[in-house]
Every structure is written in structure tokens, then in C-alpha cells.
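Here's the structure, in C-alpha cells; my notes come after.
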Amino acid sequence: MLLLQFSTSHYCRKARLALGYKGISYQVENLTPGLHTFKLKPLTGLTTVPVLLPQLEGQPEAIADSTQIFKYLEHHYPDPRLFLVDPHQQTQAELLEDWLDESIGTATRFVYYRAIRLT
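Note that UniProt numbering has the sequence shown beginning at 1, numbered continuously upward.
As C-alpha cells, then:
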């Protein structure tokens with residue numbers, strides 16, 4: 001498996017943590033911001049990281065977005081579990097993850113890239 005990422009992205013860190021938690025062997029390719037679009041757009045139609053390339057026969061060519069990567073991993077590598085057994089609790093966890101991604105995640109990215117430009 002190959003994880004296409006920015007090394008500083010917290011979304012990519014989420015994917016790395018999930019892969020590590022499940023004990024899945026993978027390699028990382030750090031992409032250059034800006035130039036990454038030339039690699040990602042043909043694979044996923046998107047320009048965001050992380051992207052997981054399973055590189056396994058019968059598997060999807062590419063999975064984009066940390067949440068979608070979680071779902072792929074849970075389906076194909078069920079142990080240990082990432083998701084909660086209780087459907088209601090899992091729905092609540094997914095809502096919390098979405099909220100954190102869209103609020104704190106976006107704010108963190110803004111602050112980080114602003115700090116880089118100032119240095």
C-alpha cells in the first residue's frame with residue numbers, strides 16, 4: 001500500500017494512525033504542495049490528500065479522504081476495529097469527526113500555512 005500525503009497534514013496523520021493501529025504495512029510518498037494536483041487529479045478527480053493506493057488486485061485503485069480511507073480499512077481489514085459496534089454511537093462519532101475536520105481542521109490548516117509564509 002502507498003499513502004500519498006503531505007507530511008504536515010493532520011488529515012494524513014489520521015490515515016497513518018489508522019494504518020498503524022491496524023498493523024498494515026504501507027509506504028508513504030510525500031507530495032509537493034501545488035505540484036501534487038498533477039498526480040492526484042487523474043487518480044481521484046480531486047486535489048486533496050491523503051490518498052491511499054492499495055496496489056492489490058481486486059481493490060480500488062485509489063481511496064481519497066481520511067474518512068473514506070477509514071471505511072476502506074474497516075471493510076477490508078476488520079481487526080482491530082476502528083468503528084464502534086453500536087450504530088448510534090458510530091453515527092455520533094462520525095458527526096464529531098466531520099465537525100472537527102471542518103472546524104478545527106480547517107482553522108489549524110489556516111494557522112499553519114500562515115505561519116509558514118511568515119517565516
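C-beta atoms are modelled at their ideal positions from N, C-alpha and C, and glycine is treated no differently. Predicted model only: the values in this text are computed from it and were never measured.
Task: T8 to R81 span [Cα, whole Å] - done: As a first step, residue 8 must be located in the sequence shown, where it is residue number 8. As a first step, residue 81 must be located in the sequence shown, where it is residue number 81. C-alpha separation (whole angstroms): 26 Å.
Task: Rounded distance between the beta-carbons of L52 and L31, thought under 8 Å - done: Translated into the one-based positions of the sequence shown, residue 31 becomes position 31. Translated into the one-based positions of the sequence shown, residue 52 becomes position 52. The pair is not a contact, with the Cβ atoms about 13 Å apart (cut-off 8 Å).
Task: Exposure of L40, with buried meaning 16 or more beta-carbon neighbours within 10 Å - done: By 1-based counting over the sequence shown, the position of residue 40 is 40. Label assigned to L40: buried.
Open item on the list: Would P54 and A15 be called neighbours here (beta carbons separated by less than 8 Å)?
Closed with: Within the sequence shown, numbered from 1, the residue matching residue 54 stands at position 54. Within the sequence shown, numbered from 1, the residue matching residue 15 stands at position 15. The answer is no: Cβ separation not under 8 Å.
Open item on the list: My assumption, with CB atoms under 8 Å, is that K22 sits in contact with Y72. Please give the rounded CB distance.
Closed with: Within the sequence shown, the letter at position 22 stands for residue 22. Within the sequence shown, the letter at position 72 stands for residue 72. The pair is not a contact, with the Cβ atoms about 11 Å apart (cut-off 8 Å).
Task: Buried versus exposed call for L19 [16 or more other C-beta atoms within 10 Å across all chains shown] - done: Sequence index remark: in the sequence shown, residue 19 carries index 19 (1-based). Buried.
Task: Exposure label - residue 120; buried when at least 16 CB within 10 Å - done: Here the chain comprises residues numbered 1 to 119, so residue 120 is not present and cannot be evaluated.
Task: CB of S66 within 8 Å of CB of Y26, strictly - done: Position 66 of the sequence shown, counting from 1, holds the residue named residue 66. Position 26 of the sequence shown, counting from 1, holds the residue named residue 26. No. Outside cutoff.
TODO: Classify H36 as buried or exposed, calling it buried when 16 or more other Cβ atoms lie within 10 Å of its own Cβ.
DONE: Taking the sequence shown and counting its residues from 1, the one referred to as residue 36 is at position 36. Its Cβ being crowded by 16 or more others within 10 Å, H36 is buried.
- [ ] Take T48 as the anchor and find which of Q90, Q68, F83 has the nearest alpha-carbon.
- [x] The sequence position of residue 48 within the sequence shown is 48, counting from 1. When only C-alpha atoms are compared, the closest one is Q68.
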